[in-house]
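K.L.:
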Amino acid sequence: MTVSNTRGAAPRIADDVVYREHEGALVLTSLSAGGFLRLDDVGREIWTALADGLDVDGIVARLTAQYDVSAEACREDVEAFLADLAGRGLVVSGEAVR
Amino acid sequence: MKLVQITRAGAIRVGSPADFAEARAEFERRQCLVLEQLIAPPLLETIQRRLAASDFTERLNKGVGTELRLPPGPLSGALEFLTNDPVLFAAIEEITGCEPIGCYRGRVYRMQPAAGHASGWHNDLSDGRMITMSVNLSEGVFEGGDLQLREVGSEQLLAQVRNTGFGDAVIFRIDRALEHQVLPLTGTVERSAYAGWFQPHPSYAALLNSRLEQTA
């Protein structure tokens, strides 16, 4: 499932998803789908960027400024991660919200 | 009084140290307190939308009557996740002076006027319960349903609260020396609430760890 591209609608956190800190990690769940997902450090960075309203370009720019990774490899990983979240109903395509 | 608020991104402390000191004094005096807008309005709207689409089942609550209860599922699991937040626990401990909280165990119920839902005087003493919390999830302003709290053997009320503010929560102490009752609903508006108890055990954090799935 593709949820993002540089010209399409920006991905955003689904309306019925809630999340919070839990023992140093970020945990997500959905009011409609259930399940509890714990994000690793990079996943958390991407999630925070989504919550800040960034699109894929913005997320890639933020991550490449922080980590020693090429933009191309980073974009591939970000899109795969977002596709995983979209498959779980945690992220949808739409207008970025701040 | 706005002291702590549950948002979609977890609980945040919104009251000042002076607000918390005032809240603690009021709780000490009345054994009861209303936490205004405990559920942030945008999150409340999302919860209410999900509730409206949910099926409730009838359940006999001994001493209270039959209530409509939300069965276990994603929505109740998410509410449990949101209310078992260490930031909320710390706020409740600070306001009430209770022992360290391990979990909040609640249920979502819906009560309808004319269905005879009410309870006589009782306490909630069981399973180490320390503090009761009832969060108003109703979409309309219901009539009746007042909570009354008093010392055992006294005719004088310590508090009488009709918790109708949207997303507001009422908390009160559980103690052998205290008892409470809820008056029947009147009017035509039904009441929905997430109600339960803060307890020292079990640990919700440990329970959550057993349920977690890690991203790849």
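Taken in sequence, the protein lines are chains A and B.
One point on numbering: in my numbering, the residue at position 7 of the first sequence is 7, and numbering is uninterrupted.
One point on numbering: in my numbering, the residue at position 80 of the second sequence is 1080, and numbering is uninterrupted.
The beta-carbon is built from N, C-alpha and C at its ideal position, and this holds for glycine as well.
Remember, it's a predicted structure, so these values are computed and weren't measured experimentally.
Beta-carbon of B:ILE1047 versus every beta-carbon of chain A: anything under 8 Å?
P.N.:
Output row for B:ILE1047: interface = yes.
K.L.:
Nearest to B:ARG1107 by alpha carbon, out of B:SER1154, B:PRO1086, B:ARG1049, B:LEU1137?
P.N.:
Out of B:SER1154, B:PRO1086, B:ARG1049, B:LEU1137, B:LEU1137 has the C-alpha closest to the C-alpha of B:ARG1107.
K.L.:
Along the alpha helix (DSSP H) that carries B:GLU1026, what are the first and last residues, could you check?
P.N.:
Taken as a continuous stretch (DSSP letters only), the alpha helix (DSSP H) holding B:GLU1026 covers 1017-1030.
K.L.:
List in chain order: all unbroken alpha helix (DSSP H) runs of 4+ residues lying wholly within the stretch 21-73 of chain A.
P.N.:
41-51, 56-66, all fully within the stretch 21-73 of chain A.
K.L.:
Using a Cβ cut-off of 8 Å, pull out every chain B residue sitting near A:SER30, in sequence order please.
P.N.:
Within chain B, the residues near A:SER30 are PRO1074, ALA1078.
K.L.:
Provide the residue span of the alpha helix (DSSP H) that contains B:GLY1145, from first to last.
P.N.:
Careful: B:GLY1145 lies outside any alpha helix (DSSP H) and carries neither H nor E.
K.L.:
By DSSP's criteria, B:PHE1172 is part of a beta bridge. Which residues make up the other side?
P.N.:
B:CYS1032, B:THR1132, per the DSSP bridge assignment.
K.L.:
Going by DSSP, what residues sit across from B:ARG1013 in a beta bridge?
P.N.:
B:ARG1013 pairs with B:VAL1004.
K.L.:
Look at the alpha carbon of A:VAL3 and the alpha carbon of A:ALA86, and state the distance between them as a whole number of angstroms.
P.N.:
Unreliable placement is indicated for A:VAL3, whose pLDDT of 49 sits below 50; the coordinate value is still reported in the next sentence. Computed Cα separation, rounded: 7 Å.
K.L.:
With which residues is B:ARG972 paired in a DSSP beta bridge?
P.N.:
Here chain B covers residues 1001 to 1216 and nothing more, so residue 972 of chain B does not appear.
K.L.:
Take the Cβ of B:ARG1029 as the centre, count every other Cβ of all protein chains shown within 10 Å, and call the residue buried at 16 or more, exposed below.
P.N.:
Result: exposed.
K.L.:
Applying the 10 Å Cβ sphere with the 16-neighbour rule, what's the burial state of B:HIS1180?
P.N.:
When all chains shown are included, B:HIS1180 counts as buried.
K.L.:
Are three or more beta carbon pairs between the stretch 1180-1191 of chain B and the stretch 1137-1151 of chain B nearer than 8 Å?
P.N.:
Because the criterion of three Cβ pairs below 8 Å is met, the stretch 1180-1191 of chain B and the stretch 1137-1151 of chain B touch.
K.L.:
Which first and last residues belong to the beta strand (DSSP E) in which B:ALA1159 is found?
P.N.:
Per DSSP, B:ALA1159 belongs to the beta strand (DSSP E) from 1157-1161.
K.L.:
Give the DSSP-derived three-state secondary structure of B:THR1186 in the structure shown.
P.N.:
Of the three classes helix, strand and coil, the one that applies to B:THR1186 here is strand, per DSSP.
K.L.:
By how many angstroms is the C-alpha of A:VAL56 removed from the C-alpha of A:GLU79?
P.N.:
Straight-line Cα distance between these residues: approximately 8 Å.
K.L.:
Excluding sequence positions up to five away, which residues of its chain have a Cβ less than 6 Å from the Cβ of A:ALA25?
P.N.:
If we look at A:ALA25 and ignore the five residues flanking it on each side, its Cβ neighbours are ARG38.
K.L.:
Tell whether a beta-carbon distance below 8 Å holds between B:LEU1035 and B:PHE1027.
P.N.:
No, these two residues do not count as a Cβ contact at 8 Å.
K.L.:
Leaving aside the five residues before and after A:THR6 along the sequence, list all residues of the same chain whose C-beta is less than 7 Å from its C-beta, in chain order.
P.N.:
In this prediction, A:THR6 scores a pLDDT of 42, lower than 50, which makes its location untrustworthy; no coordinate-derived value is stated.
K.L.:
With three or more beta-carbon pairs closer than 8 Å as the criterion, would you say the stretch 1140-1159 of chain B touches the stretch 1085-1101 of chain B?
P.N.:
Short answer: they don't touch.
K.L.:
Taking the alpha-carbon positions, what's the B:PHE1020 to B:GLY1073 distance?
P.N.:
Distance between the alpha carbons of B:PHE1020 and B:GLY1073 is about 34 Å.
K.L.:
What does a CB cutoff of less than 6 Å around A:ARG62 pick up in its chain, not counting 5 residues either side in sequence?
P.N.:
So the list reads ALA49, once near-sequence residues are dropped.
K.L.:
For a contact defined as C-beta to C-beta under 7 Å, what are the partners of A:ARG20 on chain B?
P.N.:
In chain order: ALA1009, GLY1010, ASP1085.
K.L.:
Counting contacts by CB-CB distance shorter than 8 Å, is A:GLY24 in contact with chain B?
P.N.:
So no, A:GLY24 is outside the interface.
K.L.:
In whole angstroms, what is the alpha-carbon distance linking B:GLN1031 and B:ARG1069?
P.N.:
Spanning the two alpha carbons is a distance of roughly 27 Å.
K.L.:
Run the CB neighbour count on B:ARG1176, radius 10 Å, all protein chains shown included, and call it buried at 16 or more, exposed below.
P.N.:
Flag for B:ARG1176 reads exposed.
K.L.:
Excluding sequence positions up to five away, which residues of its chain have a Cβ less than 7 Å from the Cβ of B:ASN1084?
P.N.:
For B:ASN1084, where only same-chain residues beyond five positions count, the Cβ hits under 7 Å are CYS1103, TYR1104, TYR1204.
K.L.:
Could you give the DSSP three-state label for B:ARG1211: helix, strand or coil?
P.N.:
B:ARG1211: helix per DSSP, three-state reduction.
K.L.:
Between A:THR29 and the rest of its own chain, which residues show a CB-CB distance below 8 Å, the 5 nearest in sequence each way excluded?
P.N.:
Closer than 8 Å at the Cβ level, and outside the excluded window around A:THR29, lie VAL17, VAL18, TYR19, GLY35, PHE36, LEU37.
K.L.:
Out of B:GLU1045, B:ASN1163, B:LEU1149, which has the shortest C-alpha to C-alpha gap to B:ARG1008?
P.N.:
Ranking B:GLU1045, B:ASN1163, B:LEU1149 by Cα distance to B:ARG1008 puts B:GLU1045 first.
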